[in-house]
Structure formats: structure tokens, C-alpha cells
Amino acid sequence: MIRFIVRRLLQLIPTLFGLSLLLFIWLRRLPGGPETAILGERGTPEMRAAIRQNLGLDEPILIQYGRFVRRLIRLDLGTSISTKREVTTEFLQRFPGTVELTITAMVIAIGIGIPLGYLAARRRGRLLDHLSVGGSLIGICIPVFFLAYILKAIFSENLGWFPSSGRQDPTIGATRITNFFVLDGLMTREWDAAADALWHLVLPGLALASIPLAIIVRITRASVLEVLNEDFVRTAEAKGLTENVVRRRHVLRNAMLPVATSIGLLTGGLLSGAVLTETVFAFSGIGAFLADSISQRDYPVLMGFIMIIAVVYVLVNLIVDLSYSLIDPRVRVR
Amino acid sequence: MRASRPKVAIAAVAAAALAVAGCAESDREGSGGSNKDTLVFGVAGDPKVLDPSFASDGESLRVARQVFETLVRPEEGGTKVSPGLAESWEPDAAGTTWTFKLRSGVKFHDGTDFNAEAVCANFDRWYNAKGLMQSPDVTAYWQDVMGGFAANEDDTLPDSLFKSCTASDPTTVALAFTRVSSKIPAALMLPSFSIHSPKALQDYDASNVSGSADDIKYPAYATEHPTGTGPFKFKSWDVPNKTLTLERNEDYWGEKAKLKSLIFKTISDENARKQELRSGGIQGYDLVGPADVEPLKGEGFNVLTRPAFNILYLAINQKGNPKLADLKVRQALAHAINRQALVDSKLPPGAQVAVNFFPETVEGWNGDVTKYDYDVEKAKALLAEAGASNLTLRFHYPTEVTRPYMPNPKDLFELISADLQAVGIKIEPIPLKWSPDYLNATTSGNKHDLHFLGWTGDYGDGYNFIGTFFDRQKDEWGFNNPALFEKFKQADSTADQAARVALYKELNADIMNFLPGVPISHSPPAIVFGKDVTGVKASPLTDERFSTAEFKS
């Protein structure tokens, strides 16, 4: 198992270099550069040329790439052109928000999706089945930003139950340790701060959960239906095991394999940036920041963030692969 | 019996929560008390840097305007140069040395005294900038106003306008310049010329801009320790939560701020800001969409309209389609556009049709210039006379952007394009993303014929508008008019305010005769506050002072 993990991590190195070279060339191929975003309507061609020269953007691309790699080896991702802070600092300040949001969305999606999918399969063709299958179709169809606006309009603007933006009420003045606000609140015993941060996660979490929830319901339902028809389930029932035991030990466990795979992929997808949800809820994460960085041509941020996200994505999938062996003892990681 | 997996999982999470609980120190002071002395204001973007010497974005400047003060400042709600840290000022006979009488009894937030020496320490810091501090994106406004530095490290930098600063006594300071300039004293109102505590500058190594040109590292002063004399002090910048907190300066020399704390919260999406105001999470925000002005007023919010201090124009590139170099064709374009209809239907309430390339609030505005009324027949006749009846023009307009002077570029494009087609001009629409594609395409090269652009003034001197557009040959307009350029030079170097204003009037008339483009409109941007917030006066320069804001009880 350890050898497996080490090998997977070593594979990261060539992947990252290939990715960085491709990204570097692609980004520089985009028309325009950060100088236009910096100067706006104030820019003259001379001023833009001066900034390009200052940023070293007029040099041959391989020389620029060489500089990037030299810094990367020292684990220095450079400084954001637009915010003037170090890329690593930016990431550490923004990524925790995205992680909290992703975890919330996945807890909602898994917590509701698996039981619902399971029940739909058990009551195939009955009302609950139709409702959950139809409902999940709606979940996939509704654009996330639209759902986000609706949730805000109802639960925040009209009813006032939830805050409509941000990660925490700024007047609380909470202490920051890890930038995971809920965790920070627990660590410092600022219970109100932790609760407030959780409260801020509910609406964006729901909005972001809609698509993964729908997918998990459908995959769980299909997978459970398939397992229910397997011989070993009939055998288990025939040998007199209670329905509960059959369900838990035989049906659910075997039905979980495809679900686990999809959870891994969905989580990775959410982590790489819930752009719309973060924008609509003014939630400080990496999604909206990355989108801004593209229009600003903030090369260091784009390079740095995408590289780190690639690492995180590989790690999440590594964890999913490892979890297979827990769910299904026949799968041995080699 | 084996415990079931969910139970194990729950137990593990609970154990982890217990393990982390209380493992770190809270650095929180007692809770804020009543929220009626805290205003949370929604802004569209994070500030970039807290040292205004290095800032050029509106959000950094907004923060700087509460924390810092300048020698002279705009009158509240206007653009006229008024007393700031200096009570009075006057130029010498040559117009190159300005003597400022300073306010006494003013202290910086770190308790040190504000005086003439402090002023000189600041100007010397900017003037003697070295290395990366001379980078055009680091000290943008200094370079815009003053040109270069004591020792320019890049040959392309112009000589410095600023020459020296002399403190003759604690309340008298003289600033000497290398030549007469229209920028002085108005440009000294810019937040980039804010006076910092010399001690704090030194303690936090404020001029140590390090790293390499493509990887500039800013000193701690610029992100954590801005120290000025303003009515609010910097408290904290919570980047992960997108909020910046200021607190009242209890030792302020003037009338103290009514609010105990002022929080700027970044909400980049316009709709999200509106929803947050309605749900009570913020008590005001800037960059109100023109369509939201009336509804928000109707709901009882305090919508303030800033006097328009901007211009939207249709630029004509004379190096584009060769026909555009013909004055008759440009006149035809101006007559073809129904600007009044556009202002009435697409711009916020209070917008006006532009007669000059600068707003009426700026001295030198001239109502007695050639005007181009909406006249389809005349436009057609002019085109026929110029032999340009079959004209096809490339019309650039930006997407994914709203500017204070241009809330909805696509709508504006559609109206104007329809007007031009009505006089027989064929339009090739070229929509481009504002940054960087659009700005690049319209301000360099000659692949553009018509495009929208505009400007929001930095300070109340006419040169900041028309000089910026027309004082030299530019790819945006593609014309060379030496007589016009010469007159601009003359205006810039005229020390006498009245004589300079007279020249601006002439220039406005010249420009409207030459018609390099069509001035379209001035739009008043709106800012909104909660139903119970009063005391803020809208400023054409976005110089709103939050120290006078308060909650009605």
C-alpha cells in the first residue's frame, strides 16, 4: 500500500511539468496581457509596453518558462500581478473557503443522495421513485446560478433566515488560524463564530449540492437495482438473514462502488472551483478568483493555482482509490 | 458485536472536534456591542494595496480616503480645491514654487506629530524612489502627475515635474516644481499624495519594494500598517472573509467620525450587492446598476446620485477607414446619432447629452461650441457631398463590462448602430471582451473605425479630460493636428488659472470644430445607503467621506 502511494505521488512530478509547460504556452497565446487590465482606459501603447517589459513578458517564452521553473523548484509560485500578494498566500487564504463549501455540498449531496437513491430503488415504480428521479432531473437541469439567486431571494431576502453573502459576519471579529472558519471557531472556542460560519455555508452549500446530489441519487438507484437482482442477495434472503442485514451488508455495500467513484470525481470537480456559486454568494474561494485572474491575465495566479489544484485532484482520487479496498475487500491496491 | 461504520465515523468526527476545540488562542477583544455604530459597506472588489502611493484602483483609494489626508482636498461633494492638511497655499510669481500653510495640532495614528518635515519626508520618499518603486505599475499616479524621479533608472521616463520640498518652519512647507503645470495644485488632491507618518514608513520599511520586476514583493507597510491622519484608523484586513475593518480615530483633529467602525465588504456581483442590502447584511454599496436606482428609491433606500464627472464618447479613427479623415463624414456621423433618445432611454436618471469632451462641472466648459443636432437628412447630404454614401465601418464595442460612464455598452451599440444604418452606413459589429482584447484593439493599431470609450476625471482640471485624449498623436484617434497639440502645450504651462481656463474654452471650441469623435453623454453614477443611514454626501470624484455617516435613531 505504501509503495502504491509513493508511486502515485512520484507520477505527479512528470505530470506537473507537462501540465505547467502546456499551461504556460497556452496562457501566453491568449491575446493581450496583464498590462491592459492594470491600466484600463488610462493606458497608452507606450505605458503598456513599459509594463510588459517590466514584467519580463517581452522575452522569449522559453526564458520566461525557465524562470518560472527555477522558482517552482524553490516552491515559490511568485506574486499575483493584480493583488500584489504572493500566490501561495492567496491560495492559503482562499482555498479553505472552497474546501468548506465543497465539504458542505458533498455532505448534503451524499447525506440525502444515497438514502434517497436507495429508497427509490427499493420502491421502484412507486411515487417516491418517480419523485426522486424527476427531482434529480430538475436538479441537473437548473443552472446553478439561477438556483443560487432563487435560494437567496427566498431564504435570505424574504424570510431573512440565512445570510446572503460572505463566509462570516464581519462584525464578529473572529480569530483566524487556519482560514477554515468553522475549524478556527472550534479551535479558539469562539462558538458563535463557528456557528455563524456554518450558517453562511448553508445556502451556497445547497446551491452547489444540487448537481452532485442529482447524480448521486441516480447512480445509487441504478446501482442498488442492479445489486438487488444479484444471486447472492437472493441467497442471503433465502438463508434467512433479516432484511436489515441483507440491506446493509450485501446490497448497500456492493452498490457503493460506482457511487464512490463518482463521489471522487464530483468532489474533485467542485474543488477546482465553484465559480458561479462563489460569485453569487460573494463567497471567498478560489473559483471566482480564478475567473477574475483569467480576465486580468494574472499569469502567476493562473499557473500557481492550477498546479496546486492538479496536486489536490490527484490526492483526492488517490484517497478514493484507497477507499475501494475498504468498501470491497476484493480490490487490492497494487 | 462490531460497531457499525456510521457510528464509528460519527464518533471519529466528534473526537476530532473535541481534540481541536480550544487548542488555539482567541485574539478577540470583547464583542462589538451595539451594531448601530458599525457600518458595513459593499464594494465591488478587494483593495489591492493599502499604501495609496502604490495604488491606482478605486477600492484601494476609497480606503485611503478614510485613513489618510492630503495637503489639499476636493470640497465636500464637489471638485474645487479646498483645504486639507494645508489651510492655505499660494504660488510664487513664476508659478513654480507653491507655499502651503499647514494645520497645527494634527497627529498621525501612531501618535507622532504631523508637520512640515513630515510632508517633506513624504515627497522625498516618492521623488527618491529607486529600483522597482520606479516601475510604472507601482507608482502609477506619481508618474502620471510628476513624470519621473530624482534619478530615472529607465531612459524612457520623463524628467520629474517635482523638484524639491523645503520645511521653513513646522507649519510652512514649500514645494518647488521644474516648470509651471496645470496639474498643480489640483493633482495633489489625489489619494496617492496622502501624507504618511514618517516613523511608520521607516518602522515598516515602506519603500522596500523588493523581488524582481516580474515578481514584485511589497513591504508590510503596504498591506498591514497604513498610518495616516484621517478620521478612521486601519484595524484589520480579513482577506479570507473579503472584509476590511477601520475604526474611529479618537484623536482626530477635526470632527470625529460618528461611526465606531466601518467595514468594507467585497461583493463583486452587482445583484448580490443589492440582495445583501435588502437582507440587511450591508448598509450601503457602490456601483448601483442604473436599472436599480428607481426601484431602490421606491423601497426607501437612500440612493445618492453623484454629479456626473465623466464622459462617454464615440471615437472615430482617422487612420481606419480613409473616408473618416474627411471632416464632412465625421460631421455626418455626429448628425446621424440621436443622442437625446439614447440618454433618455439607456442611461440613468440625471444623465445629460455632452456638448464638450468634458462635463459642465469643470472650469473651461464651453456652451458656445459647434453643436451637431440630430438631423438624418443633413447627415445623408454630408455623406453624399463627401462621396461616402456607401460607407462600411467597423464598430467595436466591449462586452462583459460596465463602466460608470457606460452602464450597458451593448444597448448603446445597438441604438447608435441603428441610427448610423438609417443614414445608409453599413456597420460591421465587432464585440470584444473589455479587458484586454477591447482596450488593446481600440487604442493601438488601425483596425478600428468607431468605438466607445470614456473617462472618469481624477481631479477637477480640464486638462485631465481633454489633454488626456487629444494633446498628442494617439492610435485611438489616428490624427495629427500640430496646431491643436501646440495649444494644449500652451494651456498646460499657463500658471494663471483664469488664463488657462480661457484656453480650455478655446480648446473645447477647436475640438468640436475638428470633431475627432462624438461626445455622447455624462452619466451620474449612483451610490446607495440603508434606509436609516444619513450624513454622506455623494462626490463627483467618488470621495465620499464616511466619517459623517450615522444611523438615524
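For the record, the sequence lines run as chains A and B.
According to our numbering, the residues represented by the first sequence are 1 to 334, in order.
According to our numbering, the residues represented by the second sequence are 335 to 887, in order.
Cβ coordinates follow ideal geometry from the N, Cα and C atoms, glycine included.
C-alpha gap between residue i and residue j, whole angstroms
| i | j | result |
| --- | --- | --- |
| residue 767 (chain B) | residue 267 (chain A) | 31 Å |
| residue 94 (chain A) | residue 550 (chain B) | 21 Å |
| residue 195 (chain A) | residue 167 (chain A) | 11 Å |
| residue 707 (chain B) | residue 744 (chain B) | 23 Å |
| residue 104 (chain A) | residue 269 (chain A) | 14 Å |
| residue 651 (chain B) | residue 431 (chain B) | 40 Å |
| residue 641 (chain B) | residue 521 (chain B) | 19 Å |
| residue 161 (chain A) | residue 109 (chain A) | 21 Å |
| residue 288 (chain A) | residue 68 (chain A) | 24 Å |
| residue 873 (chain B) | residue 413 (chain B) | 8 Å |
| residue 132 (chain A) | residue 570 (chain B) | 47 Å |
| residue 35 (chain A) | residue 48 (chain A) | 5 Å |
| residue 742 (chain B) | residue 748 (chain B) | 10 Å |
| residue 349 (chain B) | residue 243 (chain A) | 32 Å |
| residue 612 (chain B) | residue 629 (chain B) | 12 Å |
| residue 286 (chain A) | residue 784 (chain B) | 38 Å |
| residue 149 (chain A) | residue 159 (chain A) | 14 Å |
| residue 99 (chain A) | residue 6 (chain A) | 25 Å |
| residue 564 (chain B) | residue 862 (chain B) | 23 Å |
| residue 417 (chain B) | residue 405 (chain B) | 7 Å |
| residue 618 (chain B) | residue 208 (chain A) | 28 Å |
| residue 909 (chain B) | residue 716 (chain B) | Outside the modelled stretch of chain B, which goes from 335 to 887, sits residue 909 (chain B), for which no answer is possible. |
| residue 680 (chain B) | residue 730 (chain B) | 19 Å |
| residue 483 (chain B) | residue 723 (chain B) | 52 Å |
Coil, strand or helix - residue i by DSSP
| i | result |
| --- | --- |
| residue 492 (chain B) | coil |
| residue 444 (chain B) | coil |
| residue 499 (chain B) | strand |
| residue 367 (chain B) | Because residue 367 (chain B) carries a pLDDT of 44, less than 50, the predicted location of this residue cannot be relied on, and no value is offered for it. |
| residue 652 (chain B) | coil |
| residue 803 (chain B) | helix |
| residue 515 (chain B) | coil |
| residue 639 (chain B) | strand |
| residue 15 (chain A) | helix |
| residue 788 (chain B) | strand |
| residue 601 (chain B) | coil |
| residue 782 (chain B) | coil |
| residue 319 (chain A) | helix |
| residue 738 (chain B) | coil |
| residue 449 (chain B) | coil |
| residue 880 (chain B) | helix |
| residue 417 (chain B) | strand |
| residue 813 (chain B) | coil |
Supposed close pair residue i, residue j - CB separation, criterion 8 Å
| i | j | result |
| --- | --- | --- |
| residue 434 (chain B) | residue 507 (chain B) | 5 Å |
| residue 448 (chain B) | residue 419 (chain B) | 7 Å |
| residue 793 (chain B) | residue 523 (chain B) | 5 Å |
| residue 720 (chain B) | residue 760 (chain B) | Their Cβ separation, rounded to whole angstroms, is 16 Å, which puts residue 720 (chain B) and residue 760 (chain B) out of contact at 8 Å. |
| residue 306 (chain A) | residue 23 (chain A) | 6 Å |
| residue 252 (chain A) | residue 65 (chain A) | Contact flag wrong, Cβ pair sits at about 50 Å. |
Boundaries of the beta strand (DSSP E) in which residue i is found, first to last residue
| i | result |
| --- | --- |
| residue 620 (chain B) | 618-620 |
| residue 836 (chain B) | Looking at the DSSP string, residue 836 (chain B) is not in any beta strand (DSSP E); the run it does join, the alpha helix (DSSP H), is 831-848. |
| residue 763 (chain B) | 760-767 |
| residue 851 (chain B) | 851-856 |
| residue 420 (chain B) | 420-425 |
| residue 297 (chain A) | No beta strand (DSSP E) contains residue 297 (chain A), which DSSP labels as neither H nor E. |
| residue 731 (chain B) | 726-733 |
| residue 861 (chain B) | 860-863 |
| residue 406 (chain B) | 406-408 |
Host alpha helix (DSSP H) of residue i (start-end)
| i | result |
| --- | --- |
| residue 373 (chain B) | Run containing residue 373 (chain B): none in the alpha helix (DSSP H); it sits in the beta strand (DSSP E), 372-377. |
| residue 775 (chain B) | 773-777 |
| residue 679 (chain B) | 673-680 |
| residue 279 (chain A) | 275-280 |
| residue 708 (chain B) | Segment: none, residue 708 (chain B) is in no alpha helix (DSSP H) and carries neither H nor E. |
| residue 744 (chain B) | 743-756 |
| residue 147 (chain A) | 144-151 |
Below-8 Å beta-carbon distance, residue i vs any chain E residue
| i | result |
| --- | --- |
| residue 237 (chain A) | Judged by its chain identifiers, the structure shown contains no chain E, and its protein chains are A and B. |
ask   = Fully enclosed by the segment 187-249 of chain A, which alpha helix (DSSP H) runs are 4 residues long or longer?
value = 191-228, 231-238
key: Ranges of the beta strand (DSSP E) found wholly within the segment 507-594 of chain B, counting only runs of at least 3   = 544-546, 549-551, 566-572, 577-582
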